[in-house]
Amino acid sequence: MTGRLQGRTAIVTAAGQGMGHAAVLALHREGARVLATDIDAAKLDTLADIAGVTARRLDVLDPQAIRSFAEETEAPDILFNCAGFVHHGAILDCEEDAFDFSVNLNLRAMYRMIRAFLPGMIDRGGGSIINMASVASTVIAAPNRFIYGTTKAAVIGLTKSVALDYVGKGVRVNAICPGTIESPSLQDRMRALGDYEEARAGFIARQPMGRLGTAEEVAELVVYLASKESAFMTGNAIVIDGGWANA
């Protein structure tokens, strides 16, 4: 296999479905050796038999699991922090436990993954870190996305800070800010609203393009940010939202 990422290694979190799963397939297609992780090992079954992809269970909420993972894993060329959770509700709907869970999964897990693998990236001369943010962040506010938007705004801040501090070490750090993307987690949220078809129509109605984005479209951006074609890019929050932020 040949491709833009031939000979490079990548780690992807939340690789069992949705954008993480699509990113694994896209990175592999371009020649990268991919270590696909997820808390739900069963969701990785479809990746386990692909040559060049190694599936591994990893709970990114467990700091010791991350440390052990880093100790036994060679530092990657590419780290895609994709794990996250969308809490539905405004500030008065967000109890302390929901606040803590969102901060821990959407932000603290990313902080821990970067701290675990950044030293090895520096030692090997560089790498590309790609963080999953959202258009619901500092870009725009979305209704009933209080703690989600808060944590994703923090991801953008984290991305810019790490990018600035380590640009001289050859490490690039960028964030992806998707809009509404077709995924199993989105479908679960639609069902949770009670009327799936009505919820789906509402999500589509707010998209200027009249459709939802696809995980594969986001995965192509992951590949670009991982590749040499984006070598002059760091500290960016890149919006891929079908025009939602400009509506």
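Just add 2 to the spot in the sequence shown (first one is 1) and you have the working numbering.
We put the CB at the ideal spot given by N, CA and C, even for glycine.
Owing to the predicted nature of the structure, the values given are computational and were not obtained by experimental measurement.
Nearest-angstrom Cα distance between residue i and residue j?
| i | j | result |
| --- | --- | --- |
| Gly127 | Ala12 | 15 Å |
| Gly159 | Arg31 | 31 Å |
| Phe148 | Gly181 | 16 Å |
| Gly245 | Gly215 | 11 Å |
| Glu74 | Ala118 | 11 Å |
| Gly5 | Met192 | 37 Å |
| Gln66 | Glu222 | 32 Å |
| Arg213 | Ala44 | 30 Å |
| Glu184 | Thr161 | 25 Å |
| Glu76 | Asp125 | 11 Å |
| Leu81 | Tyr198 | 34 Å |
| Ser104 | Pro210 | 28 Å |
| Lys230 | His23 | 22 Å |
| Arg10 | Asp42 | 25 Å |
| Lys171 | Leu120 | 10 Å |
| Phe234 | Val164 | 16 Å |
| Ala53 | Val14 | 16 Å |
| Gly151 | Phe101 | 12 Å |
| Leu60 | Met123 | 20 Å |
| Tyr226 | Ser232 | 6 Å |
| Asp95 | Asn176 | 31 Å |
| Phe205 | Val241 | 18 Å |
Which two residues bound the contiguous beta strand (DSSP E) that contains residue i?
| i | result |
| --- | --- |
| Met129 | The sequence given here places Gly at residue 129; Met does not occur at that position. From DSSP, the beta strand (DSSP E) with Gly129 extends over Gly129 to Met134. |
| Ile240 | Ala239 to Ile242 |
| Ile68 | No beta strand (DSSP E) holds Ile68; the alpha helix (DSSP H) holding it covers Pro65 to Glu73. |
| Val36 | Arg35 to Asp40 |
| Arg110 | Looking at the DSSP string, Arg110 is not in any beta strand (DSSP E), and its letter there is neither H nor E. |
| Leu81 | Ile80 to Asn83 |
| Asn176 | Val173 to Pro180 |
Rounded to whole angstroms, how far is the Cβ of residue i from the Cβ of residue j, which I believe are closer than 8 Å?
| i | j | result |
| --- | --- | --- |
| Cys84 | Met134 | 5 Å |
| Val137 | Asp51 | Between Asp51 and Val137 the Cβ distance is about 35 Å, and since that is not below 8 Å, they are no contact. |
| Asp47 | Ala16 | 15 Å between Cβ atoms; not a contact. |
| Val2 | Ile178 | Residue 2 falls outside the range modelled here, since the chain spans only 3 to 249, and no answer is possible. |
| Ala93 | Val224 | Per the sequence shown, the amino acid found at residue 93 is Ile instead of Ala. Incorrect: roughly 32 Å between the Cβ atoms, too far for contact. |
Please classify residue i: is it buried, with 16 or more other beta-carbons within 10 angstroms of its beta-carbon, or exposed?
| i | result |
| --- | --- |
| Leu166 | exposed |
| Ala143 | exposed |
| Asp79 | buried |
| Asn248 | exposed |
| Phe71 | buried |
| Arg69 | exposed |
| Ala57 | buried |
| Ala34 | buried |
With a Cβ-Cβ cutoff of 8 Å, do residue i and residue j count as a contact?
| i | j | result |
| --- | --- | --- |
| Val26 | Val55 | yes |
| Gln8 | Pro186 | no |
| Asn108 | Lys154 | yes |
| Leu29 | Ala207 | no |
| Thr236 | Val169 | yes |
| Leu37 | Ala111 | no |
| Ala203 | Leu195 | no |
| Ser130 | Arg174 | yes |
| Gly86 | Asn146 | no |
| Ala217 | Met21 | yes |
Under DSSP, the alpha helix (DSSP H) around residue i begins and ends at which residues?
| i | result |
| --- | --- |
| Asp190 | Pro186 to Ala194 |
| Ile93 | Run containing Ile93: none; DSSP gives neither H nor E here. |
| Thr152 | Phe148 to Tyr168 |
| Arg202 | Tyr198 to Ala207 |
| Ala217 | Ala217 to Ala228 |
| Thr48 | Asp47 to Ala50 |
| Arg31 | Gly20 to Arg31 |
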